[in-house]
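Residues in the sequence shown are numbered consecutively from 44, following the numbering used here.
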Amino acid sequence: MVPKYKVWKKIDDVPWETHFMDDGGSRIKWIYTNEEDGTPITVMYIELREGLSLPEHVHRDQPDLVHVLEGEATMYVEGEGEFPIEPGMVVMVPPNTVHTIKDIKKTVRLYNVFAPAMPHMRAK
44 MVPKYKVWKK IDDVPWETHF MDDGGSRIKW IYTNEEDGTP ITVMYIELRE
94 GLSLPEHVHR DQPDLVHVLE GEATMYVEGE GEFPIEPGMV VMVPPNTVHT
144 IKDIKKTVRL YNVFAPAMPH MRAK
């Protein structure tokens with residue numbers, strides 16, 4: 044069976060959008076979304092600007108996989124507490140777990156993956 048979603052994409056071809064949790068310069072690329080093409084996962088490439096702290100939040104039905112590519116910040120995960128994040132780290136946040144990225148000292152670039160796919164959250 045041939046999938047209805049595009050099997051491969053070039054990150055550079057995906058447009059930047061304002062990050063839905065910040066209107067101050069952080070950006071997001073929606074690589075794969077269920078709403079766009081029916082893919083069973085959500086994949087985002089995110090850039091969080093220096094000085095930002097995201098609000099604490101929860102993903103009700105999905106684990107949240109964070110793969111840090113660049114930058115320095117602090118991450119909080121309920122049950123684990125706070126810890127520094129740096130390039131090369133992978134963090135798996137369980138569903139229904141409060142978490143945040145805060146105290147961003149150097150712009151953070153990361154991949155964020157959710158399975159099953161997230162309900163769409165694009166900035167309106």
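Here a beta-carbon is modelled for each residue, glycine too, at the ideal position from N, C-alpha and C.
Rounded to whole angstroms, the separation of the alpha carbons of Val156 and Ile84 is 7 Å. By the neighbour-count criterion, in which 16 or more other beta carbons inside 10 Å mark a residue as buried, His142 falls on the buried side.
As the crow flies, the alpha-carbon of Pro137 is around 13 Å from that of Pro159. Per DSSP, Trp59 has no beta bridge partner at all. Secondary-structure assignment with DSSP links Lys145 through a beta bridge to Thr117.
Here Ile54 carries a helix assignment [DSSP, helix/strand/coil]. Closest by C-alpha distance to Glu123, out of Thr76, Pro106 and Val134, is Val134.
A Cβ-Cβ contact shorter than 7 Å links Val57 with Ile74. Cβ-Cβ distances below 8 Å link Gly67 to Arg92 and Leu95 in the same chain, with the five nearest sequence neighbours on each side left out; the list follows chain order. Cβ contact annotation for Lys47 (same chain, cutoff 7 Å, sequence separation greater than five): Asp80 and Gly81, in chain order.
Secondary structure at Asp65: coil, using DSSP grouped into helix, strand and coil. Using a Cβ distance threshold of 7 Å, Ile89 and Val111 do not count as a contacting pair. In the three-state DSSP reduction, Asp107 falls in the strand class (E or B).
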